[in-house]
Amino acid sequence: MRKLKSQDIFQRLKQSQKRVRSLLKRGQHDDVSLTSYGRLGHFFDFMFRVGVLKLFNKLGIDKARQGIPVQMLMLLWLAKALLGFKYVDNLQYMFRDKHLMRLCGFSPEQIKRGCSHRTSGRGRKPIHTDSVRNFGADLPSALSEKFFSMIVTLCQSKEQIKGTTFALDAKFISVEGRQMEKAALGFDPHANEVKTGYKLFLLQNIQQGHEYIICVALMPGNQDERPMLLRMVEKAISMQPRFTRSSTFTG
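Every number in this note's numbering is 175 more than the matching position in the sequence shown, counting from 1.
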């Protein structure tokens, strides 16, 4: 199978997105994504419209990996997360949604071939599950943080995220049961000693009553959250000068 260059893949993606946009304008959501009744179609249309994929060039990750353009790997990784697939091996089920695969840049012939765990000879498939798995595992944390900051800044410039005030809120989710009897003890945000549970943190952009969730973090209740929260807050401050703390947060 002929390896595609980045220019070829972008041409294919543009053609797919042109068709997607025309269907969305006519309200034909079911024809865009059979999996989620058009929501994924709206999401990918939004990504192309604000120019998220162009950020790859600024990050220096625009080169192909094992003959697969990084743009396709990133879209597959995002689609997997949006569909709630925990394991990369479930990519085989994504190929059943032809419209979703077209949005990710695959041709009808590639969609028909599907993906596989082992590829060899003339029956080589267009994607290998390990390629997507290794892409996510090898992506440096510093690079992903930079990519996150660039996406938020880009969304703000396109007025997708309005306002300049942030709020940080926390909630403790208690977990009781026999399986937790020997677990380490933790403390909720009100300093009450409890059996282990989870802490849920929300970083929101608020302005005139409107709330936009910027980041959500879930971590064990008996784990020190200060290092993680410090990074979240620093990112928010670096993007906007104003920051307010919710009264319910005591960290």
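We put the beta carbon where it would ideally sit given N, CA and C, even for glycine.
Since we're looking at a predicted model, the values are computed, not measured.
- Contact annotation: Cys290 and Phe270 have beta-carbon atoms nearer than 8 Å.
- Counting of Cβ neighbours within 10 angstroms places Val263 among the buried residues, the total reaching 16 or more.
- Cβ-Cβ distances below 6 Å link Gln285 to Pro301 in the same chain, with the five nearest sequence neighbours on each side left out; the list follows chain order.
- For Asp305, the enclosing alpha helix (DSSP H) has its first and last residue at 304-313.
- The secondary-structure analysis by DSSP pairs Ser291 across a beta bridge with His303.
- Pairing Tyr373 with Leu404 gives a Cβ-Cβ distance that is not under 8 Å.
- In this structure, the straight-line span from the alpha carbon of Met407 to that of Leu378 is close to 8 Å.
- The C-alpha of Asp272 is placed about 40 Å away from the C-alpha of Pro402.
- Check the Cα spacing between Arg308 and each of Ser282, Leu275, Lys261, Met276: the tightest is with Lys261.
- DSSP places Arg406 within a helical segment (H, G or I) once states are collapsed to three.
- Per DSSP, reduced to three states, the secondary structure at Asp264 is helical.
- Judged by beta-carbon spacing, Leu250 lies beyond the 8 Å limit of Leu266, meaning their Cβ atoms are not closer than that value.
- Restricting attention to Cys390, Leu375, Ile389, the CA atom closest to the CA of Asp399 is found in Leu375.
- In this structure Val391 is exposed. Its beta-carbon is surrounded by fewer than 16 other beta-carbon atoms within 10 angstroms.
- Annotated three-state conformation of Arg271 is coil, per DSSP.
- When the Cα atoms are used, Arg288 and Val245 turn out to be separated by approximately 20 Å.
- Taking a 10 Å sphere around the C-beta of Ala254, we find 16 or more other C-beta atoms and assign the residue as buried.
- If you draw a straight line from the Cα of Ala312 to the Cα of Tyr268, it is about 21 Å long.
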